[in-house]
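Residues 645 to 879 (my numbering) are what the sequence shown spells out, left to right.
Just so you know, even glycine gets a beta-carbon here, dropped at the ideal spot from N, CA and C.
Note sheet for the following structure.
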Amino acid sequence: MLPFVAVPSTIAQEFGKYRDLFCRGAGFEQVSRYVTGLLLSENKTLQGIAGQWVAGGEVGGRRAMHAAVFEAGWRSSELMSHHRAVIAKEHQGRGREVISLDWTLSHHDWGKQIFGVKRSYDYVEHRMSCFQTVVTATIANRHLIDGIDVVVQFPDFSVAEREYLKVTAKSHYDDLDQVRERLIEMLHYHKNRLEYRKRTEIAVEIVRPVEAEGQFSHRRLCVDQWGVDGEVYPP
645 MLPFVAVPST
655 IAQEFGKYRD
665 LFCRGAGFEQ
675 VSRYVTGLLL
685 SENKTLQGIA
695 GQWVAGGEVG
705 GRRAMHAAVF
715 EAGWRSSELM
725 SHHRAVIAKE
735 HQGRGREVIS
745 LDWTLSHHDW
755 GKQIFGVKRS
765 YDYVEHRMSC
775 FQTVVTATIA
785 NRHLIDGIDV
795 VVQFPDFSVA
805 EREYLKVTAK
815 SHYDDLDQVR
825 ERLIEMLHYH
835 KNRLEYRKRT
845 EIAVEIVRPV
855 EAEGQFSHRR
865 LCVDQWGVDG
875 EVYPP
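So this is what it looks like as structure tokens:
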């Protein structure tokens with residue numbers, strides 16, 4: 645693999661539109677080098693990307709990367725809104741466009757601790773696997789295709805959690821610590837139930853801000869059968 649000596653001009657030009665999200669230039673440069681590695685390096689890990697940069701352009705460790713990404717304190721919804729405002733200008737005057745809502749499985753067989761990863765049966769690969777369920781929204785015309793939102797679905801563990809609560813239930817508890825521990829377990833179960841969203845619910849939550857912003861108000865909305873049967877695109 646060839647070494648990286650600088651951020652390619654195409655990446656620098658496009659990524660430069662998000663410079664105001666970063667408090668420090670050093671943080672912006674750090675993430676720019678990391679994005680370069682994600683796009684061009686065969687090894688997508690921090691270590692693999694860092695190994696391709698020559699001296700003076702190295703990618704820092706995990707802590708430095710986290711600091712660079714989260715130092716501005718942005719929220720994902722605000723970041724995506726900024727992104728949609730950026731690409732909306734590029735899509736003007738391109739003819740008929742379609743916004744597509746879909747979902748897919750993002751496999752992480754070696755990343756079981758990643759947010760949203762659940763071990764379950766993959767009906768596409770026909771095997772047990774660890775993956776995220778990801779709902780995506782894209783806008784496309786004859787010339788361009790861009791993502792306008794992406795949401796990782798929080799896994800539904802309610803069946804396993806409910807079974808655990810049944811198995812560990814007691815008629816009485818000997819001390820206050822046991823009561824406190826049991827209450828925390830039940831609150832976690834309730835919290836997870838409230839946080840869980842079906843794919844159709846996530847799709848609705850994606851569409852609402854897109855419509856409210858008015859950046860793509862005249863585009864057609866296209867969903868697969870999973871959305872037509874639900875709340876996303878009522879018949």
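Residue i burial status per 10 Å Cβ neighbour count (16 or more: buried)
i    : result
F648 : buried
S685 : buried
Q657 : exposed
R728 : buried
M830 : exposed
F666 : buried
L827 : exposed
A781 : buried
Q696 : buried
A847 : buried
Residue i vs residue j beta-carbon contact at 8 Å
i    : j    : result
F860 : I783 : yes
R837 : H787 : no
C866 : I789 : no
I792 : V851 : no
C774 : V761 : yes
I655 : V675 : no
V768 : L745 : no
E845 : S725 : no
W863 : E734 : One detail in the question is off: residue 863 reads as Arg in this sequence, not Trp. No. Outside cutoff.
Proximity winner among the options, relative to residue i (alpha-carbon distances)
i    : options                : result
F659 : R677, H735, V867, Q696 : R677
A650 : E734, S725, I693       : I693
G681 : Q776, A670, C667, L646 : L646
V779 : K842, A670, Y662       : K842
K835 : F666, F801, D766       : F801
L723 : G755, Y662, E849, Q757 : Y662
Y833 : K814, A732, E807       : E807
D785 : V823, S653, I731, K688 : Note that residue 785 is Asn in the sequence shown here, rather than Asp. Residue I731 is the option with its Cα nearest to N785.
T777 : R771, H770, D766       : D766
Where the alpha helix (DSSP H) through residue i begins and ends
i    : result
K733 : 720-735
Y678 : 669-684
F659 : 653-659
Q757 : Segment: none, Q757 is in no alpha helix (DSSP H) and carries neither H nor E.
A694 : 690-696
Continuous beta strand (DSSP E) stretch holding residue i: start and end
i    : result
H751 : 742-751
A781 : 771-784
### Query
Taking only runs of the alpha helix (DSSP H) that begin and end inside the segment 795-863, which ones reach a length of at least 4 residues, in chain order?
802-811, 820-839, 843-857
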